[in-house]
Structures are given as structure tokens and as C-alpha cells.
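S.K.: The following block contains the structure, expressed as C-alpha cells.
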Amino acid sequence: MPKIHLKNFGILVLFLLFAGSYIAKAQDISAESNSLVFYFLQLEKKFDVKFSFVDEDLKSLTIAIPKTESLKEILIQIEKATQLKIKKLNNRYYTITKSTTVDICAYIFDNYQNNTISGVSIEVLGSKIAITTDSLGLFSLTNIPRKSNLRIRHLGFKTKFINAEELANQTPCKIISLSEFHQELDEVILYKFLTTGLSKQQDGSITLNIEDFGILPGLIEPDILQTVQALPGIKSIDETVSDINIRGGTNDQNLILWDGIKMYQSGHFFGLISAFNPYLTDKVTIIKNGTSAMYGDGISGVISMQSKNEISNSIFGGAGFNLISGDAYGHIPFSNKLAFQFSGRRSITDFLNTPTYSSFFDKVFQDSAIKSTSSTNDIVQNDGFYFYDFTAKLLYDISTQQKIRLSFISINNTLEYSESSNNTNREILSTLNQTNLSFGGSLESDWNENFTTFFNAYYTQYNLDANNVFNDVQQLYQHNQVFETAFKLHSNYQFSNTINWNNGYQFSEIGITNIADVTQPPYVSKIKDVIRSHSIFSEIQYNSSNNKLKARFGGRLNLIHNLESPVTQKSFTEFIPEPRLNLTYKITDLVTAELQGEFKNQTTNQVIDLEQNFLGIEKRRWILSDNDSLPITRSKQIALGVNYDKKDIYIGLEGFYKEVTGISTATQGFQNQNQFNGEIGKYDVTGIEFLINKKTASFSTWLSYTYSINEYTFKDITPSQFPNNIGIKHLATLASTYTYKNIKVGVGLNYRSGKPYTKPQEGENAINTLNFPNTINYTNPNSSLLPYYLRADASVIYNFNTTSNIKYSLGVSVLNILNRNNILKTYYRLNEDNEIETIETASLDLTPNFSFRMRF
-5 MPKIHLKNFG
5 ILVLFLLFAG
15 SYIAKAQDIS
25 AESNSLVFYF
35 LQLEKKFDVK
45 FSFVDEDLKS
55 LTIAIPKTES
65 LKEILIQIEK
75 ATQLKIKKLN
85 NRYYTITKST
95 TVDICAYIFD
105 NYQNNTISGV
115 SIEVLGSKIA
125 ITTDSLGLFS
135 LTNIPRKSNL
145 RIRHLGFKTK
155 FINAEELANQ
165 TPCKIISLSE
175 FHQELDEVIL
185 YKFLTTGLSK
195 QQDGSITLNI
205 EDFGILPGLI
215 EPDILQTVQA
225 LPGIKSIDET
235 VSDINIRGGT
245 NDQNLILWDG
255 IKMYQSGHFF
265 GLISAFNPYL
275 TDKVTIIKNG
285 TSAMYGDGIS
295 GVISMQSKNE
305 ISNSIFGGAG
315 FNLISGDAYG
325 HIPFSNKLAF
335 QFSGRRSITD
345 FLNTPTYSSF
355 FDKVFQDSAI
365 KSTSSTNDIV
375 QNDGFYFYDF
385 TAKLLYDIST
395 QQKIRLSFIS
405 INNTLEYSES
415 SNNTNREILS
425 TLNQTNLSFG
435 GSLESDWNEN
445 FTTFFNAYYT
455 QYNLDANNVF
465 NDVQQLYQHN
475 QVFETAFKLH
485 SNYQFSNTIN
495 WNNGYQFSEI
505 GITNIADVTQ
515 PPYVSKIKDV
525 IRSHSIFSEI
535 QYNSSNNKLK
545 ARFGGRLNLI
555 HNLESPVTQK
565 SFTEFIPEPR
575 LNLTYKITDL
585 VTAELQGEFK
595 NQTTNQVIDL
605 EQNFLGIEKR
615 RWILSDNDSL
625 PITRSKQIAL
635 GVNYDKKDIY
645 IGLEGFYKEV
655 TGISTATQGF
665 QNQNQFNGEI
675 GKYDVTGIEF
685 LINKKTASFS
695 TWLSYTYSIN
705 EYTFKDITPS
715 QFPNNIGIKH
725 LATLASTYTY
735 KNIKVGVGLN
745 YRSGKPYTKP
755 QEGENAINTL
765 NFPNTINYTN
775 PNSSLLPYYL
785 RADASVIYNF
795 NTTSNIKYSL
805 GVSVLNILNR
815 NNILKTYYRL
825 NEDNEIETIE
835 TASLDLTPNF
845 SFRMRF
């Protein structure tokens, strides 16, 4: 190592000190060149003027040097850039002061996803000034007090306070990040679940965000009730959206809400299409277990739809059509406090026959009077079918703390059929109308940072009218009407960052009328029942400070009172407690355990009419429990699961048990020896759900599998225990979606084991001739299985834009690509020759569809 002489070392040190001081001085000069105070000193020398100001007001300000030689222009630019007030006293002296008001602007971002947030409330404290961010997350205010404070709030994020002066003099506008409200249990833990727009929440529920929805196999539009069937444990055994089975339950055991209004009709075209327009729907929540105490009814599950609830500053909307219907929707703001939304859809089936309509028609009417007579030459037929739905919503923000919403929905299905015969002078006229009319309102109030309330009320009415006239002589008329009036008050108090307390009260009155009128032989029946229920609920939400444990536990106490029934001449009163539990614990950063449990009850059920009663179409009539011939239906269920989530892969395994008591054979769709007796019993479901989902930014593939044992127990039936009518042991889905630039592709394969059914006995014992009329002798209930079900679906969507800022999309889908003949149901009946007929209901054939949409 070379030696360094002391003399040389001293020279080196002096050089470094000199260089360092020179660099520091250069940096100071550079900083001063942008300093406003330093620039004013330069102006004084250059133009021989004097500026009077307070150093504290200007010392933190910097400026880009104006490119002009005019003092007047320089001062104007400084005023614009700094919002200072410069006053000329005479030709030489000027005063500089801070203005009492400032102009500000900023973008609001979600710091977790780094996305802008629209609809954020910006309030200038101590004044009446309040606005919301636009679709880009931007807000701006002019001439507000310089020292004023802003309160920035949005649901699901922590409230933020900021001084207005911090946002002044910002070019471009400053970015403000909001932190998620971590103590809320609805924090998203899986942002992409199967496809974009589907996300799993921390409490085990699933949410569907329509705007972010990607694609699913067989779907070219985000049909809400078709989409939920992509989730494990949720399927429609008969391929409809009006008969969704959640963990082995019947459709009438699901609570379906639209803007907080209970819906009694959910499908068009006899259940093949969802009755809810998705394009103004903001969020859909699907709950299979561990329901919040604020929900009553729905012993199998909850599907809650919320339409767009924030006022946008600009008009937006869209329209489109497919081979079944056309629709349009829009959002019109009248001011920053008032807006109106609407949507409308109507079928094209009554004036245009498309391949999709033909396939739907064949499935619905495959065993009907319409199809059975269509091949007869002397029969003249006329049939017409159409449907429509319409929604409207008024949004009014009284202030940033209180918001009023008024919602309306109308759903209608109409079928008219007539036939005449020239040879027999026979004339038949049949009509079937199904309508649902509902309206409701809500008031949301933020009283302070810790206490909020939510009040909603609604009225809903459902009607089913079926009329069959034979030769203007014999008439069969059936009428089923449901009306419900309800209101609910829900409060939330935040004790701390870890504890929330929810409380509330709900009242509902449900009335159901059933009328049957037959002219020959004369028979009239009219039954009307009314049930009133009062419910109080309370629950605690806890989130540990380290975010490992999230818990929601509480309960609901119901007082149910039935007005005196005209049939039983009795009334009843029941107190029913319902505990609820939902626990989530993060074992590691990647592994989460879940425990969910609940007790529930419901007083509404559906009686299923046999197919041959009216045009071969299944009709479901709502009835009320009377606690005699039909008890209150009650359920209790528990589920334990574990999830593994590592960004690009998700694995979930969940075991569950559910017991439902107080069911009747009349509400379960029996088509054997037990269909008319009305025995009371229960069913038990034990099962496991498994899901593995591999995903990237553009690709997602998943395999879901459900194994369950679903069995009835009816003490008055021999044998007393046998498989459920919708008991499917094995249910699996394998699917993939892929996005490349503007193209989305989805393909999938659905499999399930055969559905149970009951065969007649063989040989001479098949028909019981001792009774009149003769009846079929059956084997043990549900002792046979249909063949397995297999269906492949695919869909493609292409999105493109134009220079006019209108976005377009084209979609093509094919259901049942393999054109497999899947048997959905088999039953038997005696014909006029006293012979047993086998009736098989098949699935959809190969069904193509096409859509074109535009939005702005």
C-alpha cells in the first residue's frame, strides 16, 4: 500500500473542503433561483421598485421564472401561480399579501388499488359548501377560505381532513389517497375471483360488481341470476334462474332483494332469463351462510342487488339487444344533489322468431298442449308471448350527511294461447299473466363520524293469473296474489377502530290470496292469510388491531303473529330467536380459516302445480304458514372452511351441514305417490365444497366440486328417509376465461350426477285398479337416478370504441355446444287408455345467442 505524505494529505483535505463549500453554495444559489423571496429581490434591482411583504408568508413559496420582460405581466403570472394579492401603491412601491381565499383542486385515489374514486364527498367545514368527485376522481373549488378545513369521506374508506391551503398552488392538481376502512367486515380479500368483477369478502360472502364484470362461459351479458350459479354450491337443477338451489335448498327458500325490496318474481320466459336489468345494478351480494342479523327470511341463502346509489355529475347510459330482447338505461343528473335513473327491457319474441327463442320455446313447452297439438292438421293455433321490465330511481342528497333514494320496479310476463278445430268445433283460450310491482324508499344519515342510521320501507305486490276457457262453457281460473309492506331501521355505532355495534328493528306484513274458480262442476275457493312479524336485531363486529381476527356475532328475535285463518279458524303467535355467527382468522398471510353459523325461519313457501294442469307449464303459487297444515319453516346450518390465497392461485375447502324443518310434500315438487298428501317433514344436507382457481392478469381457470348428501325425513311416509328431489351428490365445473386486448373468451364444462326420481312398479302391480280413478303404484320414493348431466358452453365478447366516446361491444354465445340431450326430470301419468306414460323434461338444445351493445 503506498504511503501518503502529510503535506499531500493536507492539500487533499483543503481541496475537498473547498469543493464541498462550492457545491453547497451552488446548491443554495440554485434553490434561491426558484425562491419567490429571492426572485422579488431580483425584480427590485432590475426595475427599481420595492416590495413590502411578510417573510413568513413567502419563504416556503417557489416559482418558475416567467419568460417575459414586462413587470406587469410578471406580477400577473405570480398572482395566478401563487394566489398572492399584489397591490401597487405608486410607481415604485408594492405590497404583497396572502389572499383570504384560494382556488383548489385534487384527485382522490384508493391507495390500495391505486384507482381514482368517484362520488367522494368533499365538505368545507364551517360552511355550506359541499361537492363530490367526478368519474375521474377529480374535484375543484374556487374562492374558499384559505384557512378552511376539508372533510373527505367515502363509504368503505377512512375519513380524511386536510387544510385547503395545502391544495392551493398545485399544478397539476394534487393527489390525495384514502385508506380503506379496515374495521369493516366487508373488506375484500380476493379481488379477482373466477372472473373480474367477482370478489370474495372477508365474511365469506361473494360480491359481483357489474361495471368490472369480465366474462363467464355461455354468458355475453352479466345476467345476475345466471352469474351466481358459477359459484360452488349454487346451481339450478332445471336450468332456470327462477329456481336457484343454494346448498340443496329450494328457490322459495332464497331471500332475493332489489334495493332492499323483497322480490317474489325473479325470472322472465318462465325462468330462463333474469328479470333484473344488470346495467344499472352496482353490486350484488351472495350469502350462503353466516348472514348478518339484519337479514330475515331466506333460510337457504340471500341474493341482494343494489342499483347505482351515487349521483354522477354527467349523463351516462346505454342500450343493446340480443336474440330475445332489447333494452336501454340511463342516468340523468339535474344538479349535484338530484338525479334520475331508469332502465327498460322488452322481448322481441312476439314479432320475431330467432334460433334462441325457438330453443327456449321448445324447452318450456316440450310437454304442453301447445306442442302436443301442433302436429295435428285440423288444429288452428295462435300463441303470443312477451315480457318486459322497467325500473326507475330518484336520488336526492339533502346534504353530505343525509341521502334519500326512491326506487320502483315493474316485471311482467304474458302468454296467450288459443286453438280451434274445424272438425270438432272445439275452441280453447288460455292466458297466463305473471307480474311483480314494487316501490320503496330509503334515508341514509351520517350523524357524526361514529354513528350512522339507515331507514328503508317498501311495498311489493306479486300476481299470477291463469285462465283456461273451453268452448265458452267450462272455465278454470286461478289467482295467486302476494302483497307485502315492510320497513326497517338499522343503526351502526363505531366504538373504536376495532368494534362496531349494529342494531335495528324490522316490521313486515305479508298477505297472500289464492283463488280457484271452476264452472263445471261448479267450485269456488278463496283463501286469504295475513302474517305480521316484528323483529329486533343486534350484533357486534370486531376486527383485531393486527387484522388477523374478524368476528361478527349477534342475533335476531322475531315475534310472528298470524291473523285468524279462514281455513283453520285459528291464529298463532310465535317467538323465534335466531343466533348468528361469522368468524374469520388469518392463520398465516396466505391461509385463512372461516367459521359460520346461523338460525333462520320463514313463513312463505311455494306450492308447485303439476305440469298437466295448465298448458303443460309449471306454476308455483305462494302460500303462508298457518302453523297447522304448514308450519313455519326453520333452518340451522354451520360451515367450517379454510382458504389459501397467493395472488395468482386460490384454493378453498369448506364443509357444511344444514337442517331444514317444517317442509311439506306440497312445496317440494313431488310427482309420485306423495304429491297430494301434504305430509310434514324435514331435510338434512351434509356436504363439502372445493374450489381451485388459477389466475393471471389476462387468464383465469378454475375447477369447482361439490359433494353433498341431501335426504328427506317424513315420519308418515314409508320408508321415512329417502333422497331429496333435488339431491345431487356430485356437482363439478371446469372453466376458463381469457382476455386479449379487446377480446374476452370463456369456455366451460358443467357436470352433475343424476337427479333422483321414482319409478312405477313393474308388471301387473304397476296400476292400482281398486281405486277410482285408477292410480300408479310406485316403488320407494326417489329410489332411481336419472343419467348424469353434462353441458359445455362458450362465449366471446369484442369491445371497441369510436371517436364519439361511445363504447360498443359484440357478443356471441353458445349453450350446450355438444347438443347433448340431458334429461332434467322424469315422471309418469295415466292416459285415457289407462296406460302409463313416461314424461321426460329435457335440457336446452344447442342454443346460440348474439348481442350488440353501446354505452356512453
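Residue numbers (my numbering): -5 to 850.
C-beta: ideal position from N, C-alpha, C; glycine also.
#1: Please state the DSSP three-state secondary structure of residue 35.
#2: Going by other Cβ atoms of all chains shown within 10 Å of its Cβ, with 16 needed for buried, is residue 284 buried or exposed?
#3: Below 8 Å on the Cβ atoms is my guess for residue 146 versus residue 136; work out the distance and round it to an integer in Å.
#4: Looking only at DSSP bridge pairs, what is residue 256 linked to?
#5: Less than 9 Å between the C-beta atoms of residue 938 and residue 458, yes or no?
#6: Residue 342 and residue 305 - do their beta-carbons sit closer together than 9 Å?
#7: Would you please state the rounded distance, in angstroms, between the beta carbons of residue 144 and residue 155? I believe it to be under 8 Å.
#8: Decide if the segment 678 to 696 is in contact with the segment 643 to 654; the criterion is three or more beta carbon pairs, one per stretch, under 8 Å apart.
#9: Taking contact to mean 3 or more Cβ pairs, one atom from each stretch, closer than 8 Å, check whether the segment 759 to 779 and the segment 792 to 811 are in contact.
#10: In this structure, does DSSP put residue 358 in helix, strand or coil?
#11: Rounded C-beta distance between residue 738 and residue 209? I'm assuming under 8 Å.
#12: Ignore the nearest five residues each way along the sequence and tell me which others in residue 497's own chain have a CB closer than 6 Å to its CB.
#13: Candidates 803, 428, 286 and 830: which alpha carbon is nearest residue 236's?
#14: Leaving out five residues on either side along the sequence, give the residues of the same chain with a beta carbon under 6 Å from the beta carbon of residue 698.
#15: Which residue's Cα is closest to the Cα of residue 314: 271, 303 and 352?
#16: Going by DSSP, name the residue or residues bridged to residue 653.
#17: Do the segment 519 to 530 and the segment 549 to 559 touch if we need at least three Cβ pairs shorter than 8 Å?
#18: Counting Cβ pairs closer than 8 Å, one from the segment 584 to 591 and one from the segment 562 to 571, do we hit at least three?
#19: Go through its chain and collect everything with a Cβ distance to residue 172's Cβ below 8 Å, but skip five positions before and after it.
#20: For residue 580, which residues from the same chain have a beta carbon less than 6 Å from its beta carbon, with the 5 sequence-adjacent residues on both sides left out?
#21: Determine the extent of the alpha helix (DSSP H) in which residue 67 is found, giving its start and end residues.
#22: At the level of alpha carbons, what is the spacing between residue 810 and residue 360?
#23: With three or more beta-carbon pairs closer than 8 Å as the criterion, would you say the segment 381 to 398 touches the segment 329 to 342?
#24: To the nearest angstrom, how far is it from the Cα of residue 834 to the Cα of residue 816?
#25: For residue 787, count neighbouring Cβ atoms within 10 angstroms of its own Cβ and tell me buried if that reaches 16, exposed if not.
#26: Please classify residue 58: is it buried, with 16 or more other beta-carbons within 10 angstroms of its beta-carbon, or exposed?
#27: Taking all protein chains shown into account, decide if residue 297 is buried (16 or more other Cβ within 10 angstroms of its Cβ) or exposed.
#28: Is the segment 275 to 293 touching the segment 426 to 442 in the sense that three or more CB pairs, one from each, lie closer than 8 Å?
#29: Could you check which residue in 450, 265 and 510 has the C-alpha nearest to that of residue 469?
#30: Assign residue 443 to one of three DSSP states: helix, strand, or coil.
#31: Grab me the residues of residue 234's own chain with a C-beta within less than 7 Å of its C-beta, minus the 5 sequence neighbours each way, in chain order.
#32: Tell me whether residue 753, by its Cβ, gets closer than 8 Å to a heavy atom of the ligand GTP.
#33: Report the residue from 747, 661 and 785 whose alpha carbon sits nearest the alpha carbon of residue 702.
#34: Please state whether the Cβ-Cβ distance between residue 784 and residue 743 is less than 9 Å.
#35: Where does residue 482 land, buried or exposed, given buried means 16+ other C-beta within 10 angstroms?
#36: So is residue 130 buried or exposed if we call it buried at 16+ other beta carbons inside 10 Å?
M.R.: This is what the structure gives:
#1: If DSSP states are grouped into helix, strand and coil, residue 35 belongs with the helices.
#2: So residue 284 ends up on the buried side.
#3: Rounded, the Cβ-Cβ distance is 18 Å, inconsistent with contact.
#4: In DSSP, residue 256 forms a bridge with 251.
#5: What the structure shows of the chain is the stretch from -5 to 850, and residue 938 is not part of that stretch, so it cannot be assessed.
#6: No.
#7: Going by Cβ atoms, the distance from residue 144 to residue 155 rounds to 7 Å, so yes, they are a contact pair.
#8: Result yes; three or more Cβ-Cβ pairs closer than 8 Å.
#9: No: fewer than three Cβ pairs fall under 8 Å.
#10: Look at residue 358 here: in three-state DSSP terms it is helix.
#11: With a beta-carbon spacing of about 4 Å, residue 738 and residue 209 fall inside the 8 Å limit used to define contacts.
#12: Excluding five sequence positions before and after residue 497, the CB atoms of its chain that fall closer than 6 Å to its own CB belong to 485 and 532, given in chain order.
#13: Proximity to residue 236 across 803, 428, 286 and 830 peaks at 428, based on C-alpha coordinates.
#14: Here the set comprises 226, 685 and 727.
#15: Minimum Cα distance to residue 314 is reached at 271.
#16: Within the DSSP bridge table, the entry for residue 653 names 630 and 678 as partners.
#17: Output reads yes: the segment 549 to 559 touches the segment 519 to 530.
#18: They do not touch, by the three-pair rule.
#19: Same-chain partners within the cutoff: 102, 103, 104, 105, 111, 114, 146, 148, 151, 152 and 154.
#20: Only 542 and 586 meet the Cβ criterion.
#21: First-last of the alpha helix (DSSP H) with residue 67: 65 to 76.
#22: Whole-angstrom Cα-Cα distance: 17 Å.
#23: With a cut-off of 8 Å, the segment 329 to 342 and the segment 381 to 398 count as touching, because enough Cβ pairs lie within range.
#24: If I take the Cα positions, the gap works out to 10 Å.
#25: In summary, residue 787 is buried, with 16 or more beta-carbon neighbours lying within 10 Å of its beta-carbon over all protein chains present.
#26: With fewer than 16 Cβ atoms within 10 Å of its Cβ, residue 58 is classed as exposed.
#27: By the 16-neighbour rule on beta-carbons within 10 angstroms, residue 297 is buried.
#28: At 8 Å Cβ cutoff, the stretches do not touch.
#29: The residue with the shortest Cα to Cα distance from residue 469 is 510.
#30: In the structure shown, residue 443 sits in coil (DSSP, three-state: anything other than H, G, I, E or B).
#31: Correct list, in chain order: 261, 265 and 266.
#32: Although the ligand GTP was asked about, the structure shown includes no ligands whatsoever.
#33: Minimum Cα distance to residue 702 is reached at 747.
#34: Cβ distance < 9 Å, so residue 784 and residue 743 count as in contact.
#35: Under this definition residue 482 is a buried residue.
#36: Classification of residue 130: exposed, given that the 10 Å Cβ count is below 16.
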